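A quick write-up on the structure given underneath.
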DNA sequence: GTGCCATCGGAACGCCACGTGCTCTAGTCT
DNA sequence: AGACTAGAGCACGTGGCGTTCCGATGGCAC
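The following block contains the structure:
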């Protein structure tokens, strides 16, 4: 994926590319994803317009609607397409550091360009049950499973009580972080992550 | 406030009331709030239209926009207007019961007609920093303070450790409940509340 | 190379809700 | 009674949505 050249403002100039080189298939997908993220970075989710994405991607609205039935689904795909490395599993040998590492990974994602996308996606998700199902499967459950793995490793080392290995407890970290992100503005201060770990999660999972 | 007569579908018939009895001041406010909640119950926040609220309230769009600059602020006011009794402070003498009582109070609110309003309000809040400030002050912080009071009483009885009397810990209950509400559909099962209390909050605050 | 055809880009369209004028009128205050 | 405020209805301009049409193009079979 090439470097995004324009990130400070939206682009809405319509140049005629009917005679230019025309992409299809994967190349077009990639261009649309890149344009979507660039627009998200530039104007945020609330102000993201399908037509602007199309113009930036040098594509047509028709090509967008042929693939995604709504803005939310486009953004969900675009974001999901860019987070292969977000689920790096920290394994420092210390449960507290692992948990903090997980939270920092999430926080970095939310503080970055994808954060604006996630924010808008959450807004749309709240209103749409089907989309909520997609988001839960793609974004939320993997996060919980990541925490559950960390807790399991901690339990194997004897740092975590066995009865703490529940979905409910593994959800606490992601839930609190997500809630903070939704209720406050980014960037999320590192101090908040440390408080979540030291005041809530560690007292909860320690022997 | 009178009983809402029509809750199953939206009303969008425009009858000329220029010659009819005309309300102003509090009576008009009350009619608009009632119509807003009725529309919320009927069609949900996402499908709520200012014009439909106006018609149901036998008011004009102008009267709405003269008072509120956006749908979100109207809904925020309407919801806030209807929750005088939501902050009843349970005092059963048992910390677990008090906490569970608080959560059940919130859950009842979210499962009722106001829940749809809160959901939509959260969606709007995510996108609007100013509105977020309003929501935090009006809805979120009072909830945290309620929990803090419960914990303080528990500490006075010797059921809660003194170091658990922090905003961070008092926020855990409301945050987890809110997160569940946003990510899942209502109604919120009582079992979820019990799990939050017994798996998370009580282990966290106990001596 | 040549023809075929799915797909592309662009443009125009109808639609719907928004938010704002404007006019007329009902209530309120002096 | 007269003046003034504020509400009701209506019409309008705006902007984004999602669709449809048309001409163009690139890949593919032959």
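Protein chains in written order, with my numbering: chain A, 0 to 206; chain B, 0 to 206.
The beta-carbon is built from N, C-alpha and C at its ideal position, and this holds for glycine as well.
It should be emphasised that the depicted structure is a prediction, and the values quoted were computed from it without experimental measurement.
For residue i, decide whether its Cβ has a neighbour in chain A, counting only Cβ atoms nearer than 8 Å.
i	result
residue 202 of chain B	yes
residue 198 of chain B	yes
residue 4 of chain B	For residue 4 of chain B, the pLDDT reaches just 43, beneath the cut-off of 50, and the residue's location in the model is therefore unreliable, although a value from the coordinates is still provided. It does not; no Cβ of chain A falls within 8 Å.
residue 91 of chain B	no
residue 103 of chain B	no
residue 81 of chain B	no
residue 178 of chain B	yes
residue 27 of chain B	no
residue 165 of chain B	yes
residue 49 of chain B	no
residue 184 of chain B	yes
residue 109 of chain B	no
residue 194 of chain B	yes
residue 148 of chain B	no
residue 74 of chain B	no
residue 78 of chain B	no
residue 171 of chain B	yes
Residue i to residue j, Cα distance in whole Å?
i	j	result
residue 178 of chain B	residue 178 of chain A	7 Å
residue 5 of chain A	residue 37 of chain A	In this prediction, residue 5 of chain A scores a pLDDT of 44, lower than 50, which makes its location untrustworthy; the coordinate-derived value is nonetheless stated afterwards. Going from the Cα of residue 5 of chain A to the Cα of residue 37 of chain A covers about 7 Å.
residue 149 of chain B	residue 202 of chain B	15 Å
residue 206 of chain A	residue 159 of chain A	6 Å
residue 130 of chain B	residue 154 of chain B	35 Å
residue 67 of chain B	residue 25 of chain B	15 Å
residue 137 of chain A	residue 71 of chain A	14 Å
residue 135 of chain B	residue 182 of chain A	7 Å
residue 207 of chain B	residue 101 of chain B	Residue 207 of chain B lies beyond the range of chain B shown here (0 to 206); nothing can be said about it.
residue 50 of chain A	residue 40 of chain B	34 Å
residue 107 of chain B	residue 27 of chain A	48 Å
residue 192 of chain B	residue 95 of chain A	27 Å
residue 97 of chain B	residue 82 of chain B	19 Å
residue 144 of chain A	residue 23 of chain A	36 Å
Apply the 10 Å Cβ neighbour rule to residue i and answer buried if 16 or more other Cβ atoms are within range, or exposed otherwise.
i	result
residue 15 of chain B	exposed
residue 187 of chain B	buried
residue 55 of chain A	buried
residue 69 of chain A	exposed
residue 118 of chain A	buried
residue 20 of chain A	exposed
residue 172 of chain A	buried
residue 166 of chain B	exposed
residue 120 of chain B	buried
residue 161 of chain B	exposed
residue 33 of chain B	buried
residue 142 of chain B	buried
residue 189 of chain B	exposed
residue 0 of chain A	In this prediction, residue 0 of chain A scores a pLDDT of 39, lower than 50, which makes its location untrustworthy; the coordinate-derived value is nonetheless stated afterwards. Result: exposed.
According to DSSP, residue i sits in a beta bridge with which residue or residues?
i	result
residue 205 of chain A	A:159
With distances taken Cα to Cα, identify the nearest neighbour of residue i among the options.
i	options	result
residue 194 of chain A	A:181, A:175 and A:205	A:175
residue 164 of chain A	B:53, B:199 and B:192	B:199
residue 80 of chain A	A:113, A:180 and A:147	A:113
residue 91 of chain B	B:172, B:205, B:167 and B:156	B:156
residue 89 of chain A	A:121, A:118 and A:146	A:146
residue 115 of chain A	B:118, B:110, B:107 and B:127	B:127
residue 140 of chain A	A:169, A:22, A:182 and A:49	A:169
residue 78 of chain A	A:109, A:60, A:185 and A:48	A:109
residue 122 of chain A	B:30, B:18 and B:45	B:45
residue 18 of chain B	B:35, B:39, B:93 and B:58	B:58
residue 105 of chain B	B:185, B:30, B:197 and B:22	B:185
residue 124 of chain B	A:23, A:63 and A:180	A:180
residue 151 of chain B	B:204, B:75, B:99 and B:111	B:204
residue 52 of chain B	B:62, B:61, B:42 and B:35	B:35
residue 47 of chain B	B:99, B:74 and B:23	B:74
residue 60 of chain A	A:93, A:31, A:43 and A:42	A:31
Output yes if chain B places a C-beta closer than 8 Å to the C-beta of residue i; else output no.
i	result
residue 187 of chain A	no
residue 130 of chain A	no
residue 70 of chain A	no
residue 39 of chain A	no
residue 168 of chain A	yes
residue 118 of chain A	yes
residue 98 of chain A	no
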